[in-house]
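Beneath this line is the structure, given in structure tokens, with notes to follow.
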């Protein structure tokens, strides 16, 4: 019975770990928000969103690394450390939103014939 409780606690802690930024799905953002922009304005918006997305991804990946380290310590040395994993939160939502904006800008660019594309990592 004790093993079952420990296994259940470990599974719960592991599921609470923050996700890496590249595994977070994009949130839907309508391309109609960008349809009134010129190709030059779309390019400027693309640079801005890309920069913010890179910063948000860095924050999210740092959280994921910290959660992985805490989980490793918790499993190997001290199980109460598992309660200190943070999981996904506002930074993951920000990454998802910015990914959605990038897709919307690409869609608007394609519809307007601008040819903007974000580099996929």
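Numbering (the numbering used here), first residue to last: 10 to 130.
Don't be surprised by glycine CBs; every beta carbon is placed ideally from N, CA and C.
Between the C-alpha atoms of residue 47 and residue 41 there is a straight-line separation of about 13 Å. If you compare the alpha carbons of 36, 70 and 104 with that of residue 29, the shortest gap goes to 70. A distance below 8 Å separates the beta carbons of residue 125 and residue 55. Around the beta-carbon of residue 105, 16 or more other beta-carbon atoms lie within 10 Å, marking it buried.
Under the three-state reduction of DSSP, residue 55 is assigned to helix.
A Cβ-Cβ contact shorter than 8 Å links residue 112 with residue 35. Burial check for residue 100: the Cβ neighbour count within 10 Å reaches 16 or more, so the residue is buried. Residue 118 counts as buried, since no fewer than 16 other beta carbons sit within 10 angstroms of its beta carbon.
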